[in-house]
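Here the structure is laid out as structure tokens; the discussion comes afterwards.
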Amino acid sequence: FDNDINKVPKTALTVGVGTVLAAKEVMIIVNGHNKARALYHAVEGGITQMWTISALQNHEHGIIVCDDAATEELKVGTYRYFKDIEAAHIDPESL
Numbered sequence: 356f357d358n359d360i361n362k363v364p365k366t367a368l369t370v371g372v373g374t375v376l377a378a379k380e381v382m383i384i385v386n387g388h389n390k391a392r393a394l395y396h397a398v399e400g401g402i403t404q405m406w407t408i409s410a411l412q413n414h415e416h417g418i419i420v421c422d423d424a425a426t427e428e429l430k431v432g433t434y435r436y437f438k439d440i441e442a443a444h445i446d447p448e449s450l
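Dropping the structure here:
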């Protein structure tokens, strides 16, 4: 919030992992190199309470949207695998 206390929301909504996993679909947005480690644990790490995001591996319709900077800690093979899936399922003309 740009170190501005006035920009911090006064209220927030908190949901537990069970509530998230009960949703029909879950989308997580991972942006920037500061989140690369979390993305690594979400995709390549095991499911653990230390990395709550790893629970998304159990969701049938979970999707992660990320920028290139967030992929810095992923293995090259993992990165290429998901880029191939993306290329096969996204029509650039529809964007």
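Its first residue numbered 356, the sequence shown is counted upward by one per residue in our numbering. Backbone N, C-alpha and C define an ideal beta-carbon position, used for all residues, glycine too. Note that this is a predicted model, so its numbers are computed, not measured.
TODO: For Val363, name the three-state secondary structure that DSSP assigns.
DONE: As a first step, residue 363 is located in the sequence shown; it is residue number 8 there, counting from the start. It is coil, neither helix nor strand.
Open item on the list: Among the candidates Tyr395, Asp423, Thr426, whose CA atom is the shortest distance from the CA of Leu411?
Closed with: If you number the sequence shown from 1, residue 411 lands on position 56. Here the closest residue by C-alpha is Tyr395.
Task: Gly371 - DSSP class collapsed to helix/strand/coil - done: Mapped onto the sequence shown, residue 371 falls at position 16. Residue state, collapsed to three classes: coil.
Task: beta strand (DSSP E) segment containing Gly417, residue limits - done: For the purposes of this step, residue 417 is identified with residue 62 of the sequence shown, where counting begins at 1. It spans 417–421 - the beta strand (DSSP E) in which Gly417 sits, taken as one unbroken run.
Open item on the list: Helix, strand or coil for Ile384? Go by DSSP, reduced to three states.
Closed with: Working through the sequence shown from its first residue, we reach residue 384 at position 29. Note: Ile384 maps to strand in three-state DSSP.
Task: Segment limits, alpha helix (DSSP H) that includes Glu441 - done: Position 86 of the sequence shown, counting from 1, holds the residue named residue 441. Where Glu441 is concerned, the enclosing alpha helix (DSSP H) stretches over 431–444.
Open item on the list: For Asp446, which residues in the same chain have their Cβ closer than 6 Å to its Cβ, ignoring the five residues on either side in sequence?
Closed with: One-based indexing of the sequence shown puts residue 446 at position 91. Excluding sequence neighbours, Asp446 sits near nothing in its chain.
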